[in-house]
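Peer 1: Here's a structure for you.
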Amino acid sequence: MSMTENIRHLLDRYYCGNASPEEIRQIKSYFASAADTPAELEADRRIFSALSGIDDVEVPEHLESDIRAAIAAQSGRKRPGVTAWRAVVGIAAAFVLIAVLAVRFMAPAADDAPLLLAQVVETGDTFTPSSVSLPCPVQQVQPPQPVKAKAPKRVSSSQQAEAAAALLEGEASIALLFDKINEAGRQAGEVAAQFEELDKSLNTALK
Amino acid sequence: MTERRFNNEIIPMHAAMYREAVAILGSADDAADVVQDIMVRLWNNRHALDSVSSLSGYAINAVRNECVTRMNRTQQCAGIDSLFGQRADDDQHSAMERRESLRIVTGAIEAMPDTQRRVMELSAFGALSNSEIAEATGLTEVNVRAILSRGRKKLKQLLSKSDII
Numbered sequence: 001m002s003m004t005e006n007i008r009h010l011l012d013r014y015y016c017g018n019a020s021p022e023e024i025r026q027i028k029s030y031f032a033s034a035a036d037t038p039a040e041l042e043a044d045r046r047i048f049s050a051l052s053g054i055d056d057v058e059v060p061e062h063l064e065s066d067i068r069a070a071i072a073a074q075s076g077r078k079r080p081g082v083t084a085w086r087a088v089v090g091i092a093a094a095f096v097l098i099a100v101l102a103v104r105f106m107a108p109a110a111d112d113a114p115l116l117l118a119q120v121v122e123t124g125d126t127f128t129p130s131s132v133s134l135p136c137p138v139q140q141v142q143p144p145q146p147v148k149a150k151a152p153k154r155v156s157s158s159q160q161a162e163a164a165a166a167l168l169e170g171e172a173s174i175a176l177l178f179d180k181i182n183e184a185g186r187q188a189g190e191v192a193a194q195f196e197e198l199d200k201s202l203n204t205a206l207k
Numbered sequence: 001m002t003e004r005r006f007n008n009e010i011i012p013m014h015a016a017m018y019r020e021a022v023a024i025l026g027s028a029d030d031a032a033d034v035v036q037d038i039m040v041r042l043w044n045n046r047h048a049l050d051s052v053s054s055l056s057g058y059a060i061n062a063v064r065n066e067c068v069t070r071m072n073r074t075q076q077c078a079g080i081d082s083l084f085g086q087r088a089d090d091d092q093h094s095a096m097e098r099r100e101s102l103r104i105v106t107g108a109i110e111a112m113p114d115t116q117r118r119v120m121e122l123s124a125f126g127a128l129s130n131s132e133i134a135e136a137t138g139l140t141e142v143n144v145r146a147i148l149s150r151g152r153k154k155l156k157q158l159l160s161k162s163d164i165i
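Structure follows, in structure tokens:
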């Protein structure tokens, strides 16, 4: 069967209402590409020429980006919520406090605590107790000398004065300790706030 | 199906899907809506797409089914001549002839009785099968076939008569 005979056959089917979408495509394609149509097919060519206009419909430029946006919204990329960051930083702050307290009781020198805090925040692996190092950066750690009540047979006034001074020093150290704890807590709070900000801006950027 | 494969193989189908939707619905906005909805659906079911043999056929069918569903609801079919662009390679003569043919075809269809007009509009671009037209109109396939036969013969008569430039 020649091309023209095939097309005539398809056209018969078309006018009987029997042509499938695929057969109609074949007829359209024939008329679109054929240079000269036989005279008897001229009216058919006009019909299909008119109806082929749909093939030239322009696709809107924004359609693809709209599709991608709809899919992205659908995916709803998961990321840690604000609550998760708070929990993480809260745990970190708790370990920092534990570390500070541990250092305080092992190294009476007041300068150790901020150094420890800095190290703890820097190393990043602060979330398990075992990873918290208790540095003795430069000096030997002297365990706190307990104020033992010596059992002198007699307590001299100078000894009394010494004891009183030691007590005062101890109180001062404790006060300093609490300052350091507060400072650690404040810094942990700042870090938490920074994570919240970051999370917010990331969420906004992804909208 | 991976995201990468979806991007490379499915997303580019949106053009053909859009033209199919326009051919059926006759509205650019509705067609864009349909394509977007179908694409999201395909994305959500992308893991099932690996077992599909013809992805383009699958996507086009999905568009067709959705269009037919929407037509059942809205019962409307916009004018078929409002969306056509001009072919880049048309010379002036061809362009004029095409516009004139289109004018005669659309005029003839618009003058037909309601049911016949609706069937002719749905079939105009060859996007829907007879069974799909039957589903969209609530008619039987036998009915659709008879209406198409009468309508198309009428068009041929009109276009044979008129002296188009």
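One line per chain: the protein sequences are A and B, in this order. With the numbering used here, the residue at position 86 of the first sequence is 86, and numbering never jumps. With the numbering used here, the residue at position 160 of the second sequence is 160, and numbering never jumps. Backbone N, C-alpha and C define an ideal beta-carbon position, used for all residues, glycine too.
1. Leaving out five residues on either side along the sequence, give the residues of the same chain with a beta carbon under 6 Å from the beta carbon of G124 of chain A.
2. Please state whether DSSP places G58 of chain A in a helix, a strand or coil.
3. If you draw a straight line from the C-alpha of A93 of chain A to the C-alpha of W43 of chain B, how long is it?
4. For a contact defined as C-beta to C-beta under 8 Å, what are the partners of L155 of chain B on chain A?
5. Exposed or buried, what is P21 of chain A when buried is set at 16 or more other beta-carbons lying within 10 Å of its beta-carbon?
6. Could you check where the alpha helix (DSSP H) with I24 of chain A kicks off and where it finishes?
7. When you compare only the Cα positions, how much space is there between A146 of chain B and G17 of chain A?
8. Please report how far the alpha carbon of H9 of chain A lies from the alpha carbon of S33 of chain A, in whole angstroms.
9. Does the beta-carbon of H47 of chain B have 16 or more other beta-carbons within 10 angstroms, so that it is buried, or is it exposed?
10. For M3 of chain A, does the three-state DSSP call read helix, strand or coil?
11. Which residues in chain B sit within 9 Å of I7 of chain A, going by Cβ to Cβ distance?
12. If distances are taken between C-alpha atoms only, which option among B:A127, B:S149, B:L158, B:L148 comes closest to N61 of chain B?
13. Compare the C-alpha of M3 of chain A against each of A:I24, A:V88, A:G53, A:Y30 and name the closest.
14. I want to verify the contact list: residues of chain A whose CB lies under 7 Å from the CB of Q36 of chain B, in sequence order.
15. Alpha helix (DSSP H) containing F48 of chain A: first to last residue?
Peer 2: Let's see:
1. Because the pLDDT at G124 of chain A is just 49, under 50, the model does not fix this residue reliably, and the value given afterwards should be weighed accordingly. No residues qualify anywhere along the chain.
2. Position check: residue 58 of chain A holds Glu in this sequence, whereas Gly was assumed. Residue state, collapsed to three classes: coil.
3. 42 Å
4. I47
5. buried
6. 21-33
7. 7 Å
8. 18 Å
9. exposed
10. helix
11. In chain order: nothing, as chain B lies at least about 14 Å away.
12. B:A127
13. A:Y30
14. D66, I67, A70
15. 42-51
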